[in-house]
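**Q** Let me give you the structure first, and then I'll get to my questions.
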Amino acid sequence: MKQEILQRALERIELLATVSDAPEGLVRTFLSPANREAAELVMEWMEGLGMEVCHDVGGTVRGILGGSADAKPLLLGSHLDTVIDAGKYDGALGVIGALAALEVLRDENVVLPFPVHVLGFSDEEGVRFQSTYLGSRGVIGELESWQLEQRDMDGLSLSEVLENEGWLDDAETIFYDESSSDGYVELHIEQGRVLEDADEAACIVSGICGQVRLRVVMAGQADHAGTTPMDLRRDALTGAAECVLALETMAREHSPLVGTVGQIQVHPGASNAIPQVAEFTVDLRHPDDEALEHHLGELRNAFDAIANRRDLDFGWEIVQQNGAVDCDPDLTKILLASLESVTGAHGMLPSGAGHDGVILSTVMPIGMIFVRCQGGLSHHPDEYAEPDDIAAGIDILVEFLKRWKP
Ligand code: GLV
Ligand code: MN
Ligand code: MN
Ligand code: MN
Numbered sequence: 001m002k003q004e005i006l007q008r009a010l011e012r013i014e015l016l017a018t019v020s021d022a023p024e025g026l027v028r029t030f031l032s033p034a035n036r037e038a039a040e041l042v043m044e045w046m047e048g049l050g051m052e053v054c055h056d057v058g059g060t061v062r063g064i065l066g067g068s069a070d071a072k073p074l075l076l077g078s079h080l081d082t083v084i085d086a087g088k089y090d091g092a093l094g095v096i097g098a099l100a101a102l103e104v105l106r107d108e109n110v111v112l113p114f115p116v117h118v119l120g121f122s123d124e125e126g127v128r129f130q131s132t133y134l135g136s137r138g139v140i141g142e143l144e145s146w147q148l149e150q151r152d153m154d155g156l157s158l159s160e161v162l163e164n165e166g167w168l169d170d171a172e173t174i175f176y177d178e179s180s181s182d183g184y185v186e187l188h189i190e191q192g193r194v195l196e197d198a199d200e201a202a203c204i205v206s207g208i209c210g211q212v213r214l215r216v217v218m219a220g221q222a223d224h225a226g227t228t229p230m231d232l233r234r235d236a237l238t239g240a241a242e243c244v245l246a247l248e249t250m251a252r253e254h255s256p257l258v259g260t261v262g263q264i265q266v267h268p269g270a271s272n273a274i275p276q277v278a279e280f281t282v283d284l285r286h287p288d289d290e291a292l293e294h295h296l297g298e299l300r301n302a303f304d305a306i307a308n309r310r311d312l313d314f315g316w317e318i319v320q321q322n323g324a325v326d327c328d329p330d331l332t333k334i335l336l337a338s339l340e341s342v343t344g345a346h347g348m349l350p351s352g353a354g355h356d357g358v359i360l361s362t363v364m365p366i367g368m369i370f371v372r373c374q375g376g377l378s379h380h381p382d383e384y385a386e387p388d389d390i391a392a393g394i395d396i397l398v399e400f401l402k403r404w405k406p
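Numbering (UniProt numbering), first residue to last: 1 to 406.
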């Protein structure tokens with residue numbers, strides 16, 4: 001690949017990382033001003049490649065590069081939203097890397113015999129609504145009524161947000177079903193340290209593990225911190241703390257189960273008042289759906305028992321659940337051949353992180369490429385991938401595009 005194409009991709013990753021809703025650190029959540037600004041930048045880059053560009057009301061962008069009109073398109077892309085205080089590569093690499101791969105083909109005068117659609121999804125992380133993949137769910141027409149009623153931290157429902165903050169001007173419908181395409185391929189950083197330990201630049205993904213996200217509420221009684229004896233308290237936060245530790249113990253004892261409480265809110269939230277309400281999230285994942293379901297049941301029983309023993313009211317709501325997904329064998333075969341031709345490796349890895357392919361897999365075959373990231377660190381501002389590894393990822397995508405037959 002020409003250095004110039006790689007340099008441009010790296011510069012775009014840096015530039016996108018400056019588009020943030022926060023004065024410090026990178027944050028872009030569903031339909032936020034920064035998320036839209038990032039989408040506009042990406043649309044400009046797509047136009048620069050001669051693509052036919054649009055966005056939908058939910059802020060997902062798409063660029064289409066023609067090819068033979070009667071062939072089904074191949075889909076490439078990733079997400080443009082981020083977690084809070086995010087890294088630069090999670091999501092951005094898949095969109096910018098796809099555009100770079102098309103630049104390489106243009107530079108080599110390769111005209112593909114099929115159209116390519118590059119997608120930048122507006123929500124994969126699910127930070128705003130907990131309910132994740134809103135961008136990809138939108139493009140397969142799968143935003144269900146219960147999801148439209150989910151509320152963000154400000155109490156706004158998803159349907160209200162789409163109505164009031166939706167990207168209405170010039171919005172188009174982006175829609176895919178079973179007959180639309182025979183493949184979606186995403187380039188992403190590994191977000192783990194297996195590649196680094198194996199001294200490999202890249203690998204192909206075998207599948208994406210299942211996950212459940214919950215909102216849990218423990219409710220007790222607020223009271224005076226100085227006058228209420230310890231044995232008379234109904235402290236919601238100490239109950240929640242016990243739940244957090246029960247989750248950690250369960251996951252430690254049942255690898256590869258992983259469980260995380262990433263958010264907790266305490267009311268009334270004064271240092272001299274006993275917490276009346278503690279509301280927290282749970283993210284629970286396992287590559288095996290039955291095992292995940294089993295542990296979910298056990299967790300609920302454990303939380304229930306903690307609440308009962310402490311005389312707390314207990315609420316439990318599943319805000320997101322999806323099963324494990326396998327990458328498509330045919331796509332994967334071509335991806336593996338492409339990997340081998342670029343790096344000489346043939347490694348495969350399952351993904352513990354969620355990706356838009358989970359949703360797209362319900363209507364088309366999916367495949368993924370992982371590139372190494374430093375120390376496996378992700379969802380952190382120090383997330384880093386070496387330019388050579390990014391180049392390898394883009395080259396694998398290029399090789400794949402040359403080998404793919406719709
Ligand atoms: C997305 O990064 C997720 O796996 O939660
Ligand atoms: Mn991601
Ligand atoms: Mn992520
Ligand atoms: Mn007082």
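Glycine included, C-beta positions come from ideal geometry on N, C-alpha and C. Here the structure is a predicted model, which is why all the values come from computation and not from measurement.
Under 8 Å by Cβ, that's how I've got residue 99 and residue 41 pegged, so tell me the actual separation to the nearest angstrom.
**A** Here residue 99 refers to the residue found at position 99 when the sequence shown is read from its first residue. Here residue 41 refers to the residue found at position 41 when the sequence shown is read from its first residue. Wrong, their Cβ atoms sit about 11 Å apart, outside the cutoff.
**Q** Give, in chain order, every unbroken run of the beta strand (DSSP E) that is at least 3 residues long and sits entirely within the segment 187-248.
**A** Here the runs fully enclosed are 202-208 and 210-219.
**Q** So, residue 107 versus residue 5, is the Cβ gap smaller than 9 Å?
**A** For the purposes of this step, residue 107 is identified with residue 107 of the sequence shown, where counting begins at 1. For the purposes of this step, residue 5 is identified with residue 5 of the sequence shown, where counting begins at 1. Going by C-beta atoms, residue 107 is nearer than 9 Å to residue 5.
**Q** For residue 19, name the three-state secondary structure that DSSP assigns.
**A** Position 19 of the sequence shown, counted from the start, is the residue given in the question as residue 19. In the structure shown, residue 19 sits in coil (DSSP, three-state: anything other than H, G, I, E or B).
**Q** How is residue 82 classed by DSSP in three states: helix, strand or coil?
**A** Sequence index remark: in the sequence shown, residue 82 carries index 82 (1-based). Here residue 82 sits in coil by DSSP.
**Q** Excluding five sequence neighbours on each side, which residues of the same chain lie with their C-beta closer than 6 Å to the C-beta of residue 103?
**A** Counting from 1 along the sequence shown, the entry for residue 103 is found at position 103. Excluding positions up to five away in sequence, the list reads 5.
**Q** Taking the C-alpha atoms as reference points, what is the distance between residue 308 and residue 152?
**A** Along the sequence shown, read from residue 1 onward, the residue named residue 308 stands at position 308. Along the sequence shown, read from residue 1 onward, the residue named residue 152 stands at position 152. C-alpha separation (whole angstroms): 29 Å.
**Q** Nearest CA to the CA of residue 359: which residue from 175, 159 and 19?
**A** Working through the sequence shown from its first residue, we reach residue 359 at position 359. With distances taken between Cα atoms, residue 359 lies closest to 175.
**Q** Does the beta-carbon of residue 122, which I'm using as the reference point, lie nearer than 8 Å to any heavy atom of ligand 2?
**A** Taking the first residue of the sequence shown as 1, we reach residue 122 at position 122. Not under cutoff, so the answer is no.
**Q** Along the chain, which unbroken stretches of the alpha helix (DSSP H) at least 4 residues long are found entirely within the segment 318-355?
**A** Those alpha helix (DSSP H) runs which fall completely within the segment 318-355 and span 4+ residues are 329-343.
**Q** Alpha carbon to alpha carbon, what distance is there between residue 163 and residue 169?
**A** To locate residue 169, count along the sequence shown from 1; it is residue 169. To locate residue 163, count along the sequence shown from 1; it is residue 163. Taking the straight line from one Cα to the other gives about 12 Å.
**Q** Go ahead and label residue 113 buried or exposed: buried means 16 or more other beta carbons lie within 10 angstroms of its beta carbon, across all protein chains shown.
**A** In the sequence shown, the residue the question calls residue 113 occupies position 113. Exposed, since its Cβ has fewer than 16 Cβ neighbours within 10 Å.
**Q** Would you report the Cα separation of residue 213 and residue 363, rounded to the nearest angstrom?
**A** Counted from its first residue, the sequence shown places residue 213 at position 213. Counted from its first residue, the sequence shown places residue 363 at position 363. Rounded to the nearest angstrom, the two C-alpha atoms are 23 Å apart.
**Q** Using 8 Å as the cut-off, can you tell me whether the segment 198-216 makes contact with the segment 387-399, which would need three or more C-beta pairs spanning the two stretches below that distance?
**A** Taking 8 Å as the limit for Cβ pairs, the verdict is that the segment 387-399 does touch the segment 198-216.
**Q** For the structure I just gave you, are there three or more beta carbon pairs, one from the segment 318-327 and one from the segment 370-381, closer than 8 Å?
**A** Result no; under three Cβ-Cβ pairs closer than 8 Å.
**Q** Can we count residue 78 as close to ligand 2, meaning its CB is less than 8 Å from some heavy atom?
**A** On the sequence shown, residue 78 is found 78 positions in, with the first residue counted as 1. Correct: residue 78 has its Cβ closer than 8 Å to ligand 2.
**Q** Which value, in whole angstroms, describes the spacing of the CA atoms of residue 180 and residue 333?
**A** Position 180 of the sequence shown, counting from 1, holds the residue named residue 180. Position 333 of the sequence shown, counting from 1, holds the residue named residue 333. Rounded to whole angstroms, residue 180 to residue 333 spans 21 Å at the Cα level.
**Q** Kindly indicate which residue of 8, 406, 91 and 241 has the alpha-carbon position closest to the one of residue 135.
**A** Along the sequence shown, read from residue 1 onward, the residue named residue 135 stands at position 135. Of the candidates 8, 406, 91 and 241, the one whose C-alpha sits nearest the C-alpha of residue 135 is 91.
**Q** Of all the options 8, 72 and 235, which has the alpha carbon lying nearest to the alpha carbon of residue 405?
**A** Sequence index remark: in the sequence shown, residue 405 carries index 405 (1-based). When each option's Cα is compared against that of residue 405, the closest is 72.
**Q** Can you tell me which residues form a DSSP beta bridge with residue 367?
**A** Locating residue 367 in the sequence shown gives position 367, counting from the first residue. Partner(s): 185.
**Q** Is residue 291 near ligand 3, going by C-beta to nearest heavy atom under 8 Å?
**A** Along the sequence shown, read from residue 1 onward, the residue named residue 291 stands at position 291. For ligand 3, not one heavy atom lies less than 8 Å from the Cβ of residue 291.
**Q** According to DSSP, which residues form a beta bridge with residue 273?
**A** If you number the sequence shown from 1, residue 273 lands on position 273. Paired residues: 224.
**Q** Looking at C-alpha atoms only, which residue of 166, 385, 240 and 277 is the closest neighbour of residue 88?
**A** Working through the sequence shown from its first residue, we reach residue 88 at position 88. That would be 385, whose Cα lies nearest to the Cα of residue 88.
**Q** Rounded C-beta distance between residue 433 and residue 369? I'm assuming under 8 Å.
**A** Look at the range of the chain in this structure, 1 to 406, and you will see that residue 433 is not part of it.
**Q** Alpha carbons only, please: which of 177, 195 and 130 is nearest the one belonging to residue 158?
**A** Sequence index remark: in the sequence shown, residue 158 carries index 158 (1-based). Looking at the Cα atoms, 130 is the closest of the given residues.
**Q** Indicate, with yes or no, if ligand 1 has a heavy atom lying under 8 Å from the CB of residue 111.
**A** Against the sequence shown, residue 111 aligns to sequence position 111. Residue 111 Cβ: outside cutoff for every heavy atom of ligand 1.
**Q** Consider the Cβ of residue 154: report whether some Cβ of chain D lies at a distance smaller than 9 Å.
**A** Within the model displayed, chain D is absent; a lone protein chain is all it includes.
**Q** Measure the C-alpha to C-alpha separation of residue 206 and residue 292 and round it to an integer number of angstroms.
**A** Here residue 206 refers to the residue found at position 206 of the sequence shown. Here residue 292 refers to the residue found at position 292 of the sequence shown. Approximately 19 Å between the Cα atoms of the pair.
**Q** Give a single yes or no on whether residue 414 has its beta carbon closer than 8 Å to a heavy atom of ligand 1.
**A** The structure shown has nothing for residue 414, since the chain only spans 1 to 406.
**Q** Quick check on the DSSP output: the beta strand (DSSP E) that includes residue 62 runs from which residue to which?
**A** In the sequence shown, the residue the question calls residue 62 occupies position 62. It spans 61-65 - the beta strand (DSSP E) in which residue 62 sits, taken as one unbroken run.
**Q** Below 8 Å CB to CB, which residues in the same chain sit around residue 348 once its five sequence neighbours on both sides are set aside?
**A** Here residue 348 refers to the residue found at position 348 when the sequence shown is read from its first residue. 203, 204, 205, 206, 332 and 336.
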